[in-house]
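These protein sequences, in sequence, are chains B and V. The first sequence maps to residues 33 to 327 in the working numbering. The second sequence maps to residues 3 to 272 in the working numbering. We put the CB at the ideal spot given by N, CA and C, even for glycine. Scroll down for the structure; my scribbles are underneath it.
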Amino acid sequence: MGETVTGGKISLEHVTYKYSVGTPFEKTALDDVSLSFEGGIITGLMGHTGSGKSTIAQLLNGLLKPTSGTVRIDGKDIWEDPKKIREIRFRVGMVFQYPEYQLFEETVAKDIAYGPRNMGLEESEIEARVLDAARFTGLEAECLEKSPFQLSGGQKRRVAIAGIMAMRPEILVLDEPAAGLDPQGRREILGGIREYQRENGATVIIISHSMEDLAVYADKLMVINQGHLFRYGTSHEIFCHAEELKQVGLSRPQITKFMMELKREGLDAGEGIYTVGDAFEAVLRLFGGERSHAE
Amino acid sequence: MLSDITLGQFFPGNSPLHKLDPRMKIFLIILFIVTIFCASSLLSFCLVLGSAAFLTILSRIPLRQILKGLRPLFLIMLFTAILNIFWTSGENLLWQWGFVKIYAEGLWYALFMIVRVVTLIIGSSVLLTYTTSPIALTDGLERVLSPLRVLHLPVHEFSMMMTIALRFIPTLIQETDKIINAQKARGADFTSGSLFQRMHALVPVMVPLFVSAFHRADELAVAMECRCYHGGEGRTRMTQLHLSGRDYLFLFFMLALFALVLLCNSVSFW
Ligand SMILES: Nc1ncnc2c1ncn2[C@@H]1O[C@H](COP(=O)(O)OP(=O)(O)OP(=O)(O)O)[C@@H](O)[C@H]1O
Ligand SMILES: [Mg+2]
């Protein structure tokens, strides 16, 4: 099974990527993949472990060069002039999986400013962007003057994400931005990403294993299976095929399963519920009459 | 990419050489080196060269790989060969032009020198580096050196340190790769600017690398202590090394080669 999506803000065209070419450890991570991300929305990229999500992410901002095939932004091949690849990296911001390790400066503010400074911006502009990025990621002002090594894991994560946001990329790719955080931390970070997307009209790609998070925060979902595009669509289009998802090692959000259970027990609150918020609404609707009594 | 550098050059495989006991391999390679340096006649050099070729075939390492290993030494070999050709004096003058004299002896020396270096490298890489995993190698070394414990040398600790170091080299390389990529994504530029600027550009890589290396070392020490690691005393092994028939066969082969080479040395030819 396979799908292709064309056009879009940023796309891969017949991209094959092999790791360690020419050694005994050669490994094909992506095999003739064509896919495209729509501009101005948040796309959730999901797929089981080792399906090639991180590889796709690094191809998008030119950290990896396709073994064959092309990567296009607004229809233009990013490898057309390899000398200009640094500019592509400014346009496509990339937050790696567990990005905490990339912090190195004396203070958080300086660390966030590293990217903008590399872009050659003016000091006043850099300062404004640092504050902006800190706001999106929910870093308090007193944090900014601390050493990044004094922070907790979750705070470090925010600093790392802020470091990329401060570059104001038009396309922002985040590899598991919320992995290993508490529910509130997840909400704050993902909410901040949504805010960034709205304020800048940016194209955002979030890689995640959490169906729950993606159901809430992503406008469209893309499923990758063994280095191929498997499905692309809205969360409803993806999550209504429970069997198909199971085949590729994924599952529907917990809340969907829960609502199915409820239905089996005789409480039918409706189909197509993928977020806790929707479930809340649906249950209220179901007990509509009793709501006012309870209040 | 940085991680494409194969360290220690180990080439996983299943050849007879891969299956040899690492202790035996260490001994064999010493014997082979001695043999190479004992060889002094054309016939004995042919023997040495032939056995190096034989070992290569046995190891099933692609020839391309072995030639790649020889390439860095090509210039040095060429240079010493030229030195040998022009500076060796002997009795059989072949050619003279002004003060430049070339003797037959010089040519022979140059040839022997090249054969020596080539067989030395092929022999050691095929016997040891290409066919022995780093872990097996340190294990073998620990056993070979274990008699030194009598002198209160911490043989086990050294080999443990070596094993850990070897184990973490790929991890560190991967990590460096990851950090370099993360900083590149933030616009780091490692390839342009003056030397000082380039060194400065490495700070964002070195700081996280050191931080994580120390962190990792700390975690590993705690993990080892949690499992009651307390040094080499009374420690048993998961994989016991046994000398098999194959090991003795190779030993016999190498001893025979040594004896033959000594014998052939007396067969002179010029
Ligand atoms: N540096 C590398 N060298 C060799 N193979 C690699 C390397 N990085 C990834 N691979 C391989 O490429 C394939 C895709 O890896 P990738 O990291 O893109 O997966 P992923 O979808 O991000 O997985 P995860 O959800 O676990 O992060 C995997 O099979 C992996 O083994
Ligand atoms: Mg990944």
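- Residue burial annotation: B:Gly-224 is buried, with at least 16 other C-beta atoms found within 10 angstroms of its C-beta.
- With distances taken between CA atoms, B:Pro-215 lies nearest to B:Ser-242 out of B:Ser-242, B:Lys-115, B:Met-291 and B:Ile-270.
- Around B:Leu-135, the beta-carbon contacts reaching into chain V at under 8 Å are Pro-210.
- For B:Tyr-264, the three-state secondary structure derived from DSSP is strand.
- Its chain contains Phe-13, Val-128 and Tyr-132 as the residues whose beta carbon lies nearer than 7 Å to that of V:Ile-63, once the 5 sequence neighbours on both sides are disregarded; these appear in chain order.
- Looking at the backbone, the Cα of V:Thr-173 and that of V:Gly-108 are separated by about 48 Å.
- Look at which beta carbons fall closer than 7 Å to any heavy atom of ligand 2; those residues are B:Lys-85, B:Ser-86, B:Gln-129, B:Asp-207, B:Glu-208 and B:Ile-239.
- The beta carbon of B:Leu-95 sits closer than 7 Å to some beta carbon of chain V.
- Looking at B:Leu-299, B:Gln-286 and B:Arg-190, the one whose alpha-carbon comes closest to that of B:Gly-309 is B:Gln-286.
- At least one heavy atom of ligand 1 is found less than 6 Å from the C-beta of B:Gly-82.
- Here DSSP, grouped into helix, strand and coil, assigns V:His-244 to coil.
- What B:Arg-118 touches in chain V, judged by beta-carbon distance under 7 Å, is Gly-189 and Asp-191, going in chain order.
- Separation of V:Leu-122 and V:Ala-41 (C-alpha to C-alpha, rounded to the nearest whole angstrom) is 12 Å.
- Taking 8 Å as the Cβ-Cβ cut-off, the stretch 10 to 21 of chain V approaches chain B at Phe-13 and Pro-14, given in chain order.
- Taken through DSSP and simplified to helix, strand or coil, B:Ala-61 comes out as strand.
- Per DSSP, B:Tyr-146 lies in no beta strand (DSSP E) segment; the continuous alpha helix (DSSP H) that holds it begins and ends at 140 to 150.
- Within the stretch 282 to 308 of chain B, the complete alpha helix (DSSP H) runs of at least 4 residues fall at 286 to 296.
- The DSSP-derived three-state label of V:Asp-141 is helix.
- Within the stretch 145 to 200 of chain V, the runs of alpha helix (DSSP H) at least 4 residues long that lie entirely inside it are, in chain order, 157 to 187.
- Here V:His-20 carries a helix assignment [DSSP, helix/strand/coil].
- Of the heavy atoms belonging to ligand 1, at least one sits nearer than 6 Å to the Cβ of B:Tyr-51.
- With a cutoff of 6 Å, B:Lys-108 does not count as near ligand 1, since its C-beta is closer than that to no heavy atom of the ligand.
- In chain order, Ala-247, Ser-267, Phe-271, Pro-285 and Thr-288 place their CB closer than 6 Å to the CB of B:Tyr-306, counting only its own chain and leaving out the 5 sequence neighbours on each side.
- B:Gln-187 sits in a helix when the DSSP states are folded into three classes.
- A heavy atom of ligand 1 is found nearer than 6 Å to the CB of B:Lys-59.
- Contact between V:Phe-252 and V:Met-79 is absent: CB atoms are separated by about 28 Å, not below the 8 Å threshold.
- Contacts between B:Met-151 and chain V, judged by CB atoms closer than 8 Å, involve Gly-189 in chain order.
- Interface flag for B:Tyr-228 against chain V is unset, since no Cβ pair is found closer than 7 Å.
- By the Cβ rule, the stretch 49 to 69 of chain B counts as touching the stretch 90 to 102 of chain B, because three or more pairs are nearer than 8 Å.
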